[in-house]
Amino acid sequence: MEAVASSISVDSDCQGKRVRVWGPGSLSNLGPGFDALGLCIQHLGDRVEAWRIETPGVRLVETNGPPGSTIPSDPATNTAAVAAAAVLRQAGASYGLALRLHKGLPSGSGLGGSAASAVAGAWAANLLLDQPLPKEALVEAVLEGEAVASGSRHGDNVLPALFGGLVLVSASDPTCYRRIPLPAPPAIALILPRVEILTRSARDMLPRRVSLRDAVHNASALAFLIDAFRAGDWETVGRWMMADRLVEPVRAALVPCYEAVRQAALAIGAFGCALTGSGPAMFALARDATHAQQVLAAMCEACQESGVAVKGYVTAVDLEGVRQL
Ligand code: HSE
410 MEAVASSISV
420 DSDCQGKRVR
430 VWGPGSLSNL
440 GPGFDALGLC
450 IQHLGDRVEA
460 WRIETPGVRL
470 VETNGPPGST
480 IPSDPATNTA
490 AVAAAAVLRQ
500 AGASYGLALR
510 LHKGLPSGSG
520 LGGSAASAVA
530 GAWAANLLLD
540 QPLPKEALVE
550 AVLEGEAVAS
560 GSRHGDNVLP
570 ALFGGLVLVS
580 ASDPTCYRRI
590 PLPAPPAIAL
600 ILPRVEILTR
610 SARDMLPRRV
620 SLRDAVHNAS
630 ALAFLIDAFR
640 AGDWETVGRW
650 MMADRLVEPV
660 RAALVPCYEA
670 VRQAALAIGA
680 FGCALTGSGP
690 AMFALARDAT
700 HAQQVLAAMC
710 EACQESGVAV
720 KGYVTAVDLE
730 GVRQL
């Protein structure tokens with residue numbers, strides 16, 4: 410993939426070991442789990458390279474990513490740098506860090522791009538501490554990183570990207586979370602229609618008030634969804650994944666091919682199909698990688714027939730989360 414890059418000159422005070430870290434992408438909401446449920450995925454993510462510098466603070470010495478990416482070069486607004494700075498502060502470090510950020514995830518895709526950078530920045534800073542901390546100790550730092558991009562502290566992308574697998578997180582207190590065991594995770598067909606949606610505006614468009622009827626429907630849908638995930642009952646996962654009444658019906662209007670893609674995925678036997686995060690990316694669960702290829706082809710065709718250019722991927726659940734490369 411062609412990349413756009415920007416760089417600034419850096420002090421000659423870089424020293425010691427360098428670390429390279431992978432921050433994975435993630436699917437969030439998964440239907441009725443708005444701000445509460447996320448799944449870490451393989452193959453798509455961001456990379457950070459980091460080393461200590463004498464000057465305190467975090468410097469972004471280089472950022473690059475897919476063409477058209479908007480990558481903040483100011484460390485005060487870049488999620489990798491903010492999360493790394495939070496780790497340094499938490500550890501009381503007297504030195505600073507230099508970071509190189511390579512974004513594989515496009516901005517405004519719904520694939521957890523800001524979260525992937527945040528966890529990669531935090532983990533890189535952590536690996537460079539004299540005494541690295543366990544992942545559980547980095548929750549506050551990664552939430553702080555994510556918040557600069559989306560305007561709120563929600564954990565449904567950063568916590569799956571940190572821990573891997575499926576994570577349930579409290580929407581009102583994202584420091585409260587639980588990893589949900591997944592027996593034999595399914596294959597995933599994922600499309601990225603060429604429509605840019607900014608998380609911040611896709612949040613602002615949501616209704617401030619909802620009906621009690623829809624709220625209780627969503628509460629029970631999420632409970633059934635989690636139960637089905639734990640059981641590995643993918644038919645039931647698919648059914649409840651498509652049962653959101655609060656958020657996805659509003660945001661579907663932002664993706665012109667939404668209904669056509671959903672119908673195409675279901676017609677070829679996908680267990681369910683939904684937006685991820687604020688979109689426009691959509692995913693469908695499939696029996697295995699071969700089936701996921703067929704589902705993907707159907708989803709891409711439906712998207713193109715609706716006049717929207719699209720990229721597609723077959724992926725799977727990443728059970729490990731952020732890691733050193
Ligand atoms: N849960 C968040 C939302 C995720 O849907 O706005 C943003 O990627």
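For the sequence shown, the tail end lands on 734 under our numbering, and the numbers increase by one without skipping. Virtual Cβ for every residue (Gly too), placed ideally from N, Cα, C. Small disclaimer: the values here were computed from a predicted structure and weren't measured.
At the C-beta level, residue 447 and residue 433 stay beyond 7 Å of one another.
For residue 558, there is no enclosing beta strand (DSSP E); the enclosing alpha helix (DSSP H) covers residues 548-559. Judged by DSSP in its simplified three-state form, residue 566 adopts coil rather than helix or strand. Selection 581, 505, 558 evaluated against residue 480 yields 558 as nearest (Cα-Cα). Within the model, the alpha-carbon separation for residue 663 versus residue 612 is close to 12 Å. Near ligand 1, meaning a Cβ closer than 7 Å to any of its heavy atoms, lie the following residues in chain order: 437, 438, 443, 444, 519, 521, 559, 563, 565, 566, 608, 611, 612, 656, 686, 687. Counting along the chain, the unbroken beta strand (DSSP E) around residue 691 starts and ends at 691-695.
Taking the Cβ atoms as the reference, residue 450 lies roughly 6 Å from residue 436, within the contact range of under 8 Å. Taking one beta carbon from each stretch, the stretch 456-470 and the stretch 503-519 have 3 or more pairs nearer than 8 Å; the two touch. Membership of residue 667 in the alpha helix (DSSP H) is indicated by the continuous run 667-676. Taken through DSSP and simplified to helix, strand or coil, residue 579 comes out as coil.
Cα atoms of residue 717 and residue 518: separation of roughly 14 Å, rounded to the nearest angstrom.
The Cβ-Cβ distance between residue 552 and residue 583 falls below 7 Å. The C-beta distance from residue 722 to residue 511 rounds to 18 Å, too long to meet the 8 Å contact threshold. For the pair residue 644 and residue 528, the Cα-to-Cα distance works out to about 32 Å.
For residue 683, the uninterrupted beta strand (DSSP E) segment begins and ends at 681-684.
With a cutoff of 7 Å on beta-carbon distance, residue 606 and residue 687 are scored as near each other. In this structure, the beta-carbon distance from residue 712 to residue 670 falls below 7 Å. Secondary-structure assignment with DSSP links residue 511 through a beta bridge to 456, 473. A residue is called buried when at least 16 other Cβ atoms come within 10 angstroms of its Cβ; residue 555 meets this threshold and is buried.
Collapsing the DSSP output to three states places residue 639 in a helix. When beta bridges are read from the DSSP output, residue 733 appears opposite 430. With fewer than 16 other Cβ atoms from the protein chains shown falling within 10 Å of its own Cβ, residue 621 counts as exposed. In this structure residue 596 does not touch residue 683 by the C-beta definition: roughly 15 Å separates them, more than the 8 Å allowed. Judged by beta-carbon spacing, residue 730 lies within the 7 Å limit of residue 573, meaning their Cβ atoms are closer than that value. Residue 720 has 601 as its beta-bridge partners, per DSSP. For residue 588, the uninterrupted beta strand (DSSP E) segment begins and ends at 586-589.
For residue 535, the enclosing alpha helix (DSSP H) begins and ends at 522-536. Residue 650 and residue 728 have their C-alpha atoms roughly 20 Å apart.
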